[in-house]
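So for the sequence shown, our numbering puts the first residue at 174; every next one is plus one.
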Amino acid sequence: MNSSVASFKPDATGQAPKQMQLVVDGANGYGNEAELGRAIKEAGVPREKLYVVTKASKPAAGRDLAEDLAASLEKLGLEYVDLYLIHQPFFADGDPALLQQKWAEMEAIRASGRARSIGVSNFLQEHLEVVLQAATVPPALNQIEYHPYLQHGGDLLAFHRERAIALSAYAPLTAVTRARPGPLDDVYPPLAKKYGVTEGEVALRWVLDQGIIAITTSSNEERLRQYVTRLPSIKLTPAEVNLIAGKGRLKHYRGFWKHIYKEADHS
(Lines of atoms letter the chains of each structure in order from A; the text may use other names.)
(Lines give C-alpha, C1' and ligand atoms only; values in the text may rest on other atoms or scores of the structure.)
Protein backbone atom coordinates (compact mmCIF):
# COMPACT_ATOMS: atom_id res chain seq x y z
CA MET A 174 0.00 0.00 0.00
CA ASN A 175 1.32 3.46 -0.77
CA SER A 176 -0.62 5.28 1.93
CA SER A 177 -1.55 4.76 5.56
CA VAL A 178 -4.82 5.47 7.31
CA ALA A 179 -4.98 6.89 10.81
CA SER A 180 -8.09 7.00 12.97
CA PHE A 181 -7.99 9.32 15.96
CA LYS A 182 -10.62 8.87 18.66
CA PRO A 183 -11.49 11.54 21.23
CA ASP A 184 -11.63 10.42 24.83
CA ALA A 185 -14.90 10.38 26.73
CA THR A 186 -14.73 14.13 27.28
CA GLY A 187 -13.73 14.88 23.69
CA GLN A 188 -10.39 16.23 24.88
CA ALA A 189 -7.66 14.01 23.49
CA PRO A 190 -7.11 11.19 21.03
CA LYS A 191 -6.44 7.97 22.89
CA GLN A 192 -4.31 6.47 20.15
CA MET A 193 -3.72 6.07 16.46
CA GLN A 194 -5.23 2.77 15.46
CA LEU A 195 -3.72 0.68 12.70
CA VAL A 196 -6.72 0.96 10.42
CA VAL A 197 -7.23 -0.94 7.19
CA ASP A 198 -9.91 0.89 5.23
CA GLY A 199 -11.41 -0.57 2.09
CA ALA A 200 -14.57 -0.84 0.03
CA ASN A 201 -15.67 -3.12 -2.76
CA GLY A 202 -16.25 0.06 -4.75
CA TYR A 203 -12.63 1.17 -4.28
CA GLY A 204 -11.33 -1.98 -5.93
CA ASN A 205 -8.60 -2.17 -3.28
CA GLU A 206 -9.62 -5.14 -1.15
CA ALA A 207 -7.35 -7.68 -2.85
CA GLU A 208 -4.42 -5.27 -2.48
CA LEU A 209 -5.29 -4.73 1.17
CA GLY A 210 -5.49 -8.48 1.70
CA ARG A 211 -1.99 -8.95 0.28
CA ALA A 212 -0.67 -6.12 2.44
CA ILE A 213 -2.24 -7.61 5.58
CA LYS A 214 -0.65 -10.98 4.84
CA GLU A 215 2.78 -9.52 4.05
CA ALA A 216 2.79 -7.24 7.09
CA GLY A 217 2.44 -10.14 9.49
CA VAL A 218 0.60 -8.00 12.04
CA PRO A 219 -1.55 -10.02 14.46
CA ARG A 220 -5.22 -9.80 13.52
CA GLU A 221 -6.16 -8.37 16.91
CA LYS A 222 -3.84 -5.41 16.28
CA LEU A 223 -5.73 -4.43 13.13
CA TYR A 224 -9.02 -2.59 12.83
CA VAL A 225 -10.40 -3.56 9.45
CA VAL A 226 -13.16 -1.52 7.85
CA THR A 227 -14.79 -2.22 4.52
CA LYS A 228 -17.90 -0.98 2.80
CA ALA A 229 -20.69 -2.19 0.57
CA SER A 230 -20.47 0.49 -2.10
CA LYS A 231 -23.33 -0.55 -4.38
CA PRO A 232 -26.05 -2.47 -2.54
CA ALA A 233 -28.55 -4.05 -4.91
CA ALA A 234 -32.22 -4.88 -4.33
CA GLY A 235 -31.85 -8.47 -5.50
CA ARG A 236 -28.59 -9.33 -3.73
CA ASP A 237 -28.15 -9.84 0.00
CA LEU A 238 -25.36 -7.79 1.55
CA ALA A 239 -24.04 -11.02 3.08
CA GLU A 240 -22.93 -11.96 -0.45
CA ASP A 241 -21.09 -8.67 -0.83
CA LEU A 242 -19.32 -9.15 2.49
CA ALA A 243 -18.41 -12.76 1.69
CA ALA A 244 -16.72 -11.59 -1.50
CA SER A 245 -14.92 -8.83 0.40
CA LEU A 246 -13.70 -11.22 3.11
CA GLU A 247 -12.34 -13.60 0.49
CA LYS A 248 -10.32 -10.78 -1.10
CA LEU A 249 -9.13 -9.55 2.28
CA GLY A 250 -8.22 -13.06 3.40
CA LEU A 251 -10.12 -12.60 6.66
CA GLU A 252 -12.89 -14.32 8.57
CA TYR A 253 -14.45 -11.09 9.82
CA VAL A 254 -14.17 -7.32 9.65
CA ASP A 255 -14.28 -5.01 12.63
CA LEU A 256 -16.64 -2.56 10.97
CA TYR A 257 -18.86 -3.00 7.91
CA LEU A 258 -20.53 0.05 6.40
CA ILE A 259 -23.18 0.74 3.81
CA HIS A 260 -21.12 3.15 1.75
CA GLN A 261 -23.92 5.48 0.65
CA PRO A 262 -27.71 5.81 0.84
CA PHE A 263 -28.24 6.91 -2.74
CA PHE A 264 -28.66 3.36 -4.09
CA ALA A 265 -32.16 3.35 -2.57
CA ASP A 266 -33.20 6.30 -4.75
CA GLY A 267 -35.50 7.59 -2.03
CA ASP A 268 -37.17 4.21 -1.33
CA PRO A 269 -37.36 3.89 2.47
CA ALA A 270 -38.35 0.21 2.33
CA LEU A 271 -35.19 -0.66 0.41
CA LEU A 272 -33.02 1.29 2.84
CA GLN A 273 -34.62 -0.53 5.76
CA GLN A 274 -34.29 -3.90 4.03
CA LYS A 275 -30.57 -3.39 3.56
CA TRP A 276 -30.15 -2.38 7.17
CA ALA A 277 -31.93 -5.57 8.25
CA GLU A 278 -29.38 -7.48 6.19
CA MET A 279 -26.62 -5.59 8.02
CA GLU A 280 -28.10 -6.63 11.36
CA ALA A 281 -28.05 -10.26 10.22
CA ILE A 282 -24.39 -9.88 9.25
CA ARG A 283 -23.56 -8.56 12.72
CA ALA A 284 -25.44 -11.46 14.31
CA SER A 285 -23.40 -13.90 12.21
CA GLY A 286 -20.14 -12.55 13.62
CA ARG A 287 -18.70 -11.69 10.22
CA ALA A 288 -18.76 -8.02 11.17
CA ARG A 289 -18.14 -6.98 14.77
CA SER A 290 -19.86 -3.62 14.26
CA ILE A 291 -22.09 -2.21 11.53
CA GLY A 292 -22.64 1.33 10.37
CA VAL A 293 -23.18 3.65 7.47
CA SER A 294 -21.33 6.27 5.47
CA ASN A 295 -22.48 9.47 3.79
CA PHE A 296 -25.91 9.28 5.46
CA LEU A 297 -27.67 12.50 6.34
CA GLN A 298 -30.27 12.84 9.10
CA GLU A 299 -33.13 12.01 6.74
CA HIS A 300 -31.49 8.69 5.80
CA LEU A 301 -30.68 7.81 9.40
CA GLU A 302 -34.24 8.51 10.48
CA VAL A 303 -35.52 5.99 7.93
CA VAL A 304 -33.09 3.33 9.17
CA LEU A 305 -33.84 3.98 12.84
CA GLN A 306 -37.58 3.61 12.31
CA ALA A 307 -37.12 -0.12 11.71
CA ALA A 308 -33.72 -0.88 13.24
CA THR A 309 -33.22 -3.38 16.03
CA VAL A 310 -29.53 -2.52 16.17
CA PRO A 311 -28.79 1.13 15.36
CA PRO A 312 -25.75 2.09 13.29
CA ALA A 313 -22.65 2.23 15.47
CA LEU A 314 -21.08 4.91 13.31
CA ASN A 315 -21.68 7.24 10.39
CA GLN A 316 -18.64 8.21 8.33
CA ILE A 317 -19.10 11.50 6.47
CA GLU A 318 -17.10 14.24 4.84
CA TYR A 319 -16.74 16.81 7.59
CA HIS A 320 -14.56 19.91 7.87
CA PRO A 321 -15.12 23.64 8.48
CA TYR A 322 -16.29 24.22 4.91
CA LEU A 323 -18.85 21.38 5.12
CA GLN A 324 -20.49 21.31 8.56
CA HIS A 325 -23.86 19.93 7.38
CA GLY A 326 -25.89 22.41 9.38
CA GLY A 327 -26.05 22.73 13.14
CA ASP A 328 -28.38 19.83 13.91
CA LEU A 329 -26.50 16.86 12.47
CA LEU A 330 -23.97 16.56 15.30
CA ALA A 331 -26.69 16.87 17.93
CA PHE A 332 -28.75 14.21 16.14
CA HIS A 333 -25.85 11.76 16.32
CA ARG A 334 -25.11 12.51 19.96
CA GLU A 335 -28.73 12.09 21.02
CA ARG A 336 -28.86 8.67 19.38
CA ALA A 337 -25.39 7.52 20.45
CA ILE A 338 -24.22 7.15 16.84
CA ALA A 339 -20.50 7.87 16.58
CA LEU A 340 -19.57 10.38 13.91
CA SER A 341 -16.41 9.85 11.90
CA ALA A 342 -14.98 12.61 9.71
CA TYR A 343 -13.16 11.86 6.49
CA ALA A 344 -11.32 14.62 4.62
CA PRO A 345 -10.86 16.63 7.85
CA LEU A 346 -7.84 18.45 6.38
CA THR A 347 -9.76 19.86 3.41
CA ALA A 348 -9.54 23.50 4.51
CA VAL A 349 -5.75 23.16 4.72
CA THR A 350 -5.14 21.08 1.61
CA ARG A 351 -7.87 21.14 -1.04
CA ALA A 352 -9.93 24.26 -0.50
CA ARG A 353 -7.44 27.11 -0.50
CA PRO A 354 -7.72 30.06 -0.71
CA GLY A 355 -10.38 30.44 1.97
CA PRO A 356 -11.43 32.41 5.05
CA LEU A 357 -9.48 30.08 7.35
CA ASP A 358 -6.14 30.85 5.72
CA ASP A 359 -5.60 33.63 8.26
CA VAL A 360 -6.94 31.62 11.20
CA TYR A 361 -4.86 28.44 11.15
CA PRO A 362 -1.32 29.96 11.08
CA PRO A 363 -1.53 31.88 14.40
CA LEU A 364 -3.13 28.88 16.10
CA ALA A 365 -0.42 26.58 14.76
CA LYS A 366 2.21 29.00 16.05
CA LYS A 367 0.50 29.28 19.45
CA TYR A 368 0.44 25.51 19.98
CA GLY A 369 3.70 24.66 18.20
CA VAL A 370 2.05 22.35 15.70
CA THR A 371 1.18 22.33 12.00
CA GLU A 372 -1.96 23.78 10.47
CA GLY A 373 -3.05 20.24 9.67
CA GLU A 374 -2.84 19.32 13.33
CA VAL A 375 -4.99 22.33 14.22
CA ALA A 376 -7.54 21.11 11.67
CA LEU A 377 -7.57 17.62 13.18
CA ARG A 378 -7.79 19.03 16.70
CA TRP A 379 -10.88 21.05 15.70
CA VAL A 380 -12.62 17.81 14.72
CA LEU A 381 -11.54 15.95 17.86
CA ASP A 382 -12.57 18.78 20.16
CA GLN A 383 -16.14 18.29 18.96
CA GLY A 384 -16.10 14.63 19.98
CA ILE A 385 -15.77 13.41 16.39
CA ILE A 386 -13.44 10.65 15.17
CA ALA A 387 -10.93 12.00 12.65
CA ILE A 388 -9.72 9.85 9.76
CA THR A 389 -6.83 10.92 7.60
CA THR A 390 -4.50 9.26 5.13
CA SER A 391 -0.90 9.97 4.23
CA SER A 392 1.91 8.43 2.23
CA ASN A 393 4.23 9.96 4.86
CA GLU A 394 4.18 7.64 7.86
CA GLU A 395 6.38 10.03 9.82
CA ARG A 396 3.65 12.64 9.54
CA LEU A 397 1.14 10.20 11.02
CA ARG A 398 3.51 9.41 13.88
CA GLN A 399 3.88 13.14 14.46
CA TYR A 400 0.11 13.44 14.77
CA VAL A 401 0.13 10.69 17.41
CA THR A 402 2.86 12.42 19.39
CA ARG A 403 1.56 15.97 19.29
CA LEU A 404 -2.22 15.86 19.06
CA PRO A 405 -2.69 14.67 22.66
CA SER A 406 -0.66 17.62 23.94
CA ILE A 407 -2.96 20.37 22.66
CA LYS A 408 -6.59 21.33 22.96
CA LEU A 409 -8.32 24.26 21.30
CA THR A 410 -10.33 26.55 23.51
CA PRO A 411 -14.10 26.66 22.98
CA ALA A 412 -13.65 30.14 21.52
CA GLU A 413 -11.12 28.81 19.01
CA VAL A 414 -13.40 25.92 18.03
CA ASN A 415 -16.21 28.42 17.48
CA LEU A 416 -13.93 30.79 15.56
CA ILE A 417 -12.96 28.06 13.09
CA ALA A 418 -16.58 26.97 12.74
CA GLY A 419 -17.77 30.52 12.15
CA LYS A 420 -15.11 31.33 9.58
CA GLY A 421 -15.71 27.98 7.92
CA ARG A 422 -19.36 28.80 7.31
CA LEU A 423 -18.27 31.68 5.10
CA LYS A 424 -17.22 29.20 2.41
CA HIS A 425 -18.85 26.04 1.08
CA TYR A 426 -16.70 23.26 -0.35
CA ARG A 427 -17.63 19.64 -0.97
CA GLY A 428 -14.90 17.31 -2.17
CA PHE A 429 -16.96 14.14 -2.67
CA TRP A 430 -20.35 13.12 -4.08
CA LYS A 431 -20.54 16.33 -6.08
CA HIS A 432 -22.66 14.54 -8.68
CA ILE A 433 -25.34 13.94 -6.04
CA TYR A 434 -25.64 17.37 -4.48
CA LYS A 435 -26.31 20.73 -6.05
CA GLU A 436 -23.52 23.27 -5.75
CA ALA A 437 -25.33 25.34 -3.12
CA ASP A 438 -26.52 22.35 -1.08
CA HIS A 439 -24.80 22.47 2.33
CA SER A 440 -26.49 19.33 3.72
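The beta carbon of each residue, even a glycine, is placed where N, CA and C say it ideally should be.
Predicted, not measured: the structure shown is a model, and the values here were computed from it.
If you draw a straight line from the Cα of D359 to the Cα of Q383, it comes to about 21 Å. Within a 10 Å sphere around the beta-carbon of G369 sit fewer than 16 other beta-carbons, which makes this residue exposed. Between the alpha carbons of Q399 and R351 lies a distance of about 21 Å. Secondary-structure assignment with DSSP links Y343 through a beta bridge to E318.
Rounded to the nearest whole angstrom, the C-alpha separation of D255 and S290 is 6 Å.
Counting the other Cβ atoms within 10 Å of the Cβ of G199 gives 16 or more, which makes it buried. With respect to the 8 Å criterion, A239 and L271 are not classified as neighbours on the basis of their beta carbons. Your pair A348 and H325 does not check out as a contact, with CB atoms roughly 15 Å apart and the cut at 8 Å.
By the Cβ test, the stretch 258-276 is in contact with the stretch 289-307, since at least three Cβ pairs between them sit closer than 8 Å. When the beta-carbon positions are compared, V218 and V196 stay at least 8 Å from each other. The C-alpha of D237 is placed about 19 Å away from the C-alpha of L249. Membership of T402 in the alpha helix (DSSP H) is indicated by the continuous run E394 to R403. In this structure I417 touches W379 by the C-beta definition: roughly 5 Å separates them, less than 8 Å.
Residue environment: N393 is assigned as exposed (fewer than 16 neighbouring CB atoms within 10 Å of its CB, all protein chains considered). Spatial neighbours of L364 in its own chain (CB-CB distance under 6 Å, excluding positions within 5 residues in sequence) are listed in chain order as V375. Judged by DSSP in its simplified three-state form, D241 adopts helix. In the same chain as G421, and ignoring 5 residues on each side of it, the C-beta atoms closer than 7 Å to its own belong to P321, Y322, Q324, A348 and L357, in chain order. When the alpha-carbon of Y253 is set against those of P312, Q274, E221 and K275, the nearest one is in E221. Relative to E206, the option among L223, Y224, P232 and L246 whose CA is nearest is L246. Of all C-beta pairs linking the stretch 338-345 to the stretch 301-319, three or more are shorter than 8 Å, placing the two stretches in contact. Pairing G204 with A412, the inter-Cα distance amounts to about 42 Å. By the neighbour-count criterion, in which 16 or more other beta carbons inside 10 Å mark a residue as buried, T389 falls on the buried side. From the listed residues R353, G373, K214 and A277, the smallest Cα separation to S391 is found for G373. Of the residues assessed, I385 falls on the buried side of the cut-off, its CB having 16 or more other CB atoms within 10 angstroms.
Here Y361 is buried, its C-beta having at least 16 other C-beta atoms within 10 Å. A distance below 8 Å separates the beta carbons of A313 and A339. In the DSSP assignment, S290 is bridged to L256.
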